[in-house]
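Encoded as structure tokens, the structure appears first; notes follow it.
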Amino acid sequence: MATIPTLEQGKLYDHNPVLLAEREHLAEEILINKQLLIDYDRKRNSNREGLNQWKKTGGLVNEKKAWIQFGDMFVRLPSETAKTMIEKDQESLNKTMDETRDNMRTATIKLQEMEGSKKMAGFDLKSLRARDVYNL
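Taking the numbering used here, I'd label the letters of the sequence shown as residues 196 to 331.
What follows is the structure, encoded as structure tokens:
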């Protein structure tokens, strides 16, 4: 396995624009993923608020159709279909957020290796969810 050149190995980044560009690309990828996580979290919170409101009011008992927002437009769908779509979107967002966190973690570790930093202990740990704890 090839080793990644680091700063300690003769300050390669001062003279090698390709390695500098690769390092800059990794840093930019980390920042983009960080912003994506913020955006996904906002959407997830909106979905959560909608589902909680749905539970509080007992759903749209008298209404057969519900208005939901898709981007910049509102669409009227059957109530149960709307609720199911929000729940599926919530699951999809959770999965996407986990993948984004994994990508960000991998890019951060690679960037640290390129910079010659020591690996931060515990940075690559994954959190447990409540359902994981109960399944142990």
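Heads up, the beta-carbon is just placed ideally off N, CA and C, and yes, glycines get one too. Computed from a prediction, not measured in an experiment: that's the story for all the values here.
Roughly how far, in whole angstroms, is the beta-carbon of residue i from the beta-carbon of residue j, given that I think they are within contact range, below 8 Å?
i      : j      : result
Met299 : Ile225 : 6 Å
Ile263 : Leu272 : 6 Å
Thr295 : Asn242 : That pair is no contact at about 17 Å.
Which residues does DSSP list as the beta-bridge partners of residue i?
i      : result
Lys260 : Pro273
Tell me whether residue i sits in a helix, a strand or coil according to DSSP, three-state version.
i      : result
Leu331 : coil
Ser241 : helix
Gly205 : Note that Gly205 scores a pLDDT of 46, beneath 50, so its modelled location is shaky; the value from the coordinates is reported in the next line. DSSP places Gly205 in coil when its eight states are reduced to three.
Lys229 : helix
Arg324 : coil
Asn247 : helix
Check your understanding: Is there contact here, the region 271-290 with the region 300-307, by at least three beta-carbon pairs under 8 Å?
Key -> no
Point to revise | Runs of alpha helix (DSSP H) wholly within the region 264-318 (minimum 4 residues, chain order) | key: 274-310
Point to revise | the region 233-247 contacting the region 320-331, beta-carbon criterion three pairs below 8 Å | key: no
Review point. Does the region 244-251 come within contact of the region 273-285, defined as at least 3 CB pairs closer than 8 Å?
Key: yes
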